[in-house]
Amino acid sequence: MAEKHRFKQGPAPVIFVVDDEPMLLDLAEMILKPEGFDVRTYRDPSRALADYEAARQPPSLVISDYAMGGMNGLDLLRACRRLRPEQKTILVSGTVDEGIYAGSDIKPDSFVAKPYDPEQFVALVKSLAGQGGPQ
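Next comes the structure, spelled out in structure tokens:
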């Protein structure tokens, strides 16, 4: 049986996943952790932003649902990019499409519609987070 690719050097790339649906956070963790990612999940976008602001090293990738209470995913990504303009981001949604950020000053690196294919999602995360550790 072939062994799955794991990151070879340094700490695992940190991925912030923000969604107000616990089941979707569990799914993201279940498919990304075995691939060698350090997955940090958040139901509250304000808490995710507080941890983002406090992080010495930014996460390799921030993945956020669009529709959440208190702060939508695009606002969260905008706040992250204000602090670190180079931050890689993915916006995920089952309620809106890519048109939601057409006129926005901030655009995610990628958009994923729910439900998503886990293998394609993992491939996208790997491509944005890099293969050699945090960027």
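When you read off a place in the sequence shown, starting at 1, and then add 585, the result is the number in my numbering. Beta carbons are placed, not taken as given, at the ideal position from N, Cα and C, and that holds for glycine.
Beta-carbon gap between residue i and residue j smaller than 8 Å
| i | j | result |
| --- | --- | --- |
| Val-677 | Asp-650 | yes |
| Leu-610 | Leu-713 | no |
| Ile-648 | Arg-666 | no |
Spatial distance of residue i from residue j (CA atoms)
| i | j | result |
| --- | --- | --- |
| Val-710 | Thr-674 | 9 Å |
| Pro-719 | Val-599 | For Pro-719, the predicted structure reports a pLDDT of 37, less than 50, and the residue's modelled location is therefore unreliable. A value from the coordinates is still provided. Roughly 7 Å between the two C-alpha positions. |
| Asp-605 | Gly-655 | 10 Å |
| Asp-682 | Tyr-637 | 26 Å |
Outcome for residue i when other beta-carbon atoms lying within 10 angstroms are tallied against a minimum of 16
| i | result |
| --- | --- |
| Gln-642 | exposed |
| Leu-568 | A question about residue 568 goes unanswered here, because the residues of the chain that appear run from 586 up to 720. |
| Glu-620 | buried |
| Ala-613 | buried |
| Gln-705 | exposed |
| Gly-565 | This structure does not reach residue 565, given that the chain is present from 586 up to 720, and the question cannot be answered. |
Contact belief for residue i with residue j at Cβ below 8 Å, rounded distance in angstroms
| i | j | result |
| --- | --- | --- |
| Val-697 | Leu-661 | Wrong, their Cβ atoms sit about 15 Å apart, outside the cutoff. |
Identified DSSP bridge partners for residue i
| i | result |
| --- | --- |
| Asp-623 | Val-599 |
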